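Colleague: Structure incoming, see below.
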Amino acid sequence: MNPCSKCDTPNFHPRVSVKSDEILQELRFSVGFRDHARINSLLHDAEKDLDDYDTEIARLETAISLLKRKRACLEGHMVKYRSLLSPIRRLPPELLSLIFLLCRGELENRFILYESGTKMPAVVLTQVCTGWRQVALDTPSIWSNTSFYLGPPEYPLDEEHIKSILPLIHLFFGQSSQFPLNLTLYFEYPFHWEEEFHRENDNFEPILKAIASTSHRWHSLKIWGASHSDTDIEAFWSQTTELSSLECFDTDLRTFKLLLSSSQNLHRAPRLRHLRLQISETEVDITRIIAFPLAQITTLNLLCLYSTDLFELLRRCINLSELVVLNIKWSLPVEAASITLGRLDNLTYDDCSGLFISPIGEIF
1 MNPCSKCDTP
11 NFHPRVSVKS
21 DEILQELRFS
31 VGFRDHARIN
41 SLLHDAEKDL
51 DDYDTEIARL
61 ETAISLLKRK
71 RACLEGHMVK
81 YRSLLSPIRR
91 LPPELLSLIF
101 LLCRGELENR
111 FILYESGTKM
121 PAVVLTQVCT
131 GWRQVALDTP
141 SIWSNTSFYL
151 GPPEYPLDEE
161 HIKSILPLIH
171 LFFGQSSQFP
181 LNLTLYFEYP
191 FHWEEEFHRE
201 NDNFEPILKA
211 IASTSHRWHS
221 LKIWGASHSD
231 TDIEAFWSQT
241 TELSSLECFD
251 TDLRTFKLLL
261 SSSQNLHRAP
271 RLRHLRLQIS
281 ETEVDITRII
291 AFPLAQITTL
301 NLLCLYSTDL
311 FELLRRCINL
321 SELVVLNIKW
331 SLPVEAASIT
341 LGRLDNLTYD
351 DCSGLFISPI
361 GEIF
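Numbering (full-length UniProt numbering), first residue to last: 1 to 364.
What follows is the structure in structure tokens.
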């Protein structure tokens, strides 16, 4: 095909006429030997026309495809330009920071180390735009709510992985500045499975040390561990220095007794007022617990109450103003002297079986 002299595009002129009247006229008669050459020439030209049509179709499809891509690109560009008109972009940094604060409860940053995973909404906020990044970096509270799921992953953590995790942990503790920390620690699996699985993870030590070094900033701490993680919990707890800012403590009864026997740090937590205990034992030894300064506790939450042995614990909470007792499950009628809590303003209890509501009411 010869190019057009004006636009330089192929100038396609079909060689074969496709007028139906002509072919119908010829189909009415037989073809002689002298017509064979003419028909073969016509078919040859028709094949060339087909090739030219295919070439032209391909050229046009390419041009259409290019135009569609340009159109889609323009649409995306328009969406971005429209986003510049979004009202949220006109928010002053102070108001945006307040929104971040209101969402703080939903911005739990998670380090799931036994799956080598992370979930860091605070970091995500810094990736939206330059303005959001600056506001997020200037809002220490969104960096202060962090959970650590500790335990060996499917494959032991190597030094390279630790080198990538530790800076993130230090980033969170650094960006939270001196803002009180709300930490959750789950000791899911023991770090040392050497006897059974011939595998251990000493590489967790730098992570535990980094967490323990912030103990003076802990405002709220939830710590839970399976029984086979006691050694790891004790090793971690021995690295804590002081709990001068701790106000809320959440744990299970077994871990609570373990921590009390490991060090005196909890005894020397002057601001501790809120205590939440999950109880799974049917027979409870409260010797170590009653040695704890329970008189400073003002809010107590007991979950899964299997035993009445804990009533002695309640009697020592003389300044208790709020008591929550959930999932009462003791199997025998309550035979205990009444408990007087002169400062109690709020009592909440849940009797799953419906058998012990009356005894509870008689105790308090």
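C-beta atoms are modelled at their ideal positions from N, C-alpha and C, and glycine is treated no differently. Bear in mind the structure is a predicted one, so any value in this text is a computation, not a measurement.
Taking only three categories from DSSP, how would you classify Leu259?
Modeller: The answer is helix: DSSP assigns Leu259 an H, G or I state.
Colleague: What residues in its chain sit with their C-beta under 8 Å from that of Leu344, if we drop five residues either side in the sequence?
Modeller: Counting only Cβ-Cβ distances below 8 Å, and skipping sequence neighbours, we find Leu320, Ser321, Glu322, Leu323, Phe364.
Colleague: Excluding five sequence neighbours on each side, which residues of the same chain lie with their C-beta closer than 8 Å to the C-beta of Pro93?
Modeller: Gly131, Gln134, Val135, Asp138, listed in sequence order.
Colleague: Between which two residues does the beta strand (DSSP E) carrying Gly131 extend?
Modeller: No beta strand (DSSP E) holds Gly131; the alpha helix (DSSP H) holding it covers 130-137.
Colleague: Contact defined as beta carbons within less than 8 Å: I believe Phe292 pairs with His267. What is the distance between those atoms, to the nearest angstrom?
Modeller: Between His267 and Phe292 the Cβ distance is about 6 Å, and since that is below 8 Å, they are a contact.
Colleague: In the DSSP assignment, what are the bridge partners of Asn145?
Modeller: Paired residue(s): Asn182.
Colleague: Which residues share a DSSP beta bridge with Thr118?
Modeller: DSSP output for Thr118 lists Phe111 as bridge partner(s).
Colleague: What residues in its chain sit with their C-beta under 8 Å from that of Asp49, if we drop five residues either side in the sequence?
Modeller: Correct list, in chain order: Pro14, Arg15, Val16.
Colleague: Tell me which same chain residues have a C-beta within less than 7 Å of the C-beta of Leu84, skipping the five on either side of it?
Modeller: Closer than 7 Å at Cβ, skipping near neighbours: no residue.
Colleague: Across the stretch 90-109 and the stretch 71-82, are there enough close Cβ pairs to call them in contact, namely three or more that are closer than 8 Å?
Modeller: Output reads no: the stretch 71-82 does not touch the stretch 90-109.
Colleague: If you draw a straight line from the alpha carbon of Glu195 to that of Ile297, how long is it in whole angstroms?
Modeller: Residue placement at Glu195 is flagged as unreliable, the pLDDT there being 44, under the threshold of 50; a coordinate-derived value is accordingly withheld.
Colleague: Ignore the nearest five residues each way along the sequence and tell me which others in Phe187's own chain have a CB closer than 6 Å to its CB.
Modeller: Result list for Phe187: Leu150, Gly225, Ser229, Asp232, Ile233, in chain order.
Colleague: Buried or exposed: where does Asp350 fall if 16 or more other Cβ atoms within 10 Å of its Cβ makes it buried?
Modeller: The residue in question, Asp350, is exposed, as its Cβ has fewer than 16 Cβ neighbours within 10 Å.
Colleague: Please tell me whether Phe179 and Phe148 are closer than 8 Å, where the distance is taken between their beta carbons.
Modeller: It is not a contact, given that the beta carbons lie outside the stated cut-off.
Colleague: Identify whether Ile223 lies in helix, strand or coil by the three-state DSSP scheme.
Modeller: The answer is strand: DSSP assigns Ile223 an E or B state.
Colleague: Any contact between the stretch 207-214 and the stretch 250-258? By contact I mean 3 or more CB pairs, one from each, below 8 Å.
Modeller: With a cut-off of 8 Å, the stretch 250-258 and the stretch 207-214 do not count as touching, because too few Cβ pairs lie within range.
Colleague: Cα-Cα, which of Leu313, Leu326, Asn327 is closest to Leu341?
Modeller: Leu341 has its Cα closest to that of Leu313, out of Leu313, Leu326, Asn327.
Colleague: Quick check on Ile99: buried or exposed, where buried means 16 or more other Cβ atoms within 10 Å of its Cβ?
Modeller: It counts as exposed.
Colleague: Apart from the five residues on each side of it in sequence, which residues of its chain come closer than 8 Å, Cβ to Cβ, to Ile286?
Modeller: Asp309, Leu310, Glu312, Leu313.
Colleague: Does the distance from the C-beta atom of Trp218 to that of Ser177 stay below 8 Å?
Modeller: Not a contact, by the Cβ cut-off of 8 Å.
Colleague: Give me, in chain order, the residues of the same chain whose beta-carbon lies closer than 7 Å to that of Lys257; leave out the 5 immediate sequence neighbours on both sides.
Modeller: The answer, listed in chain order, is Arg288, Ile289.
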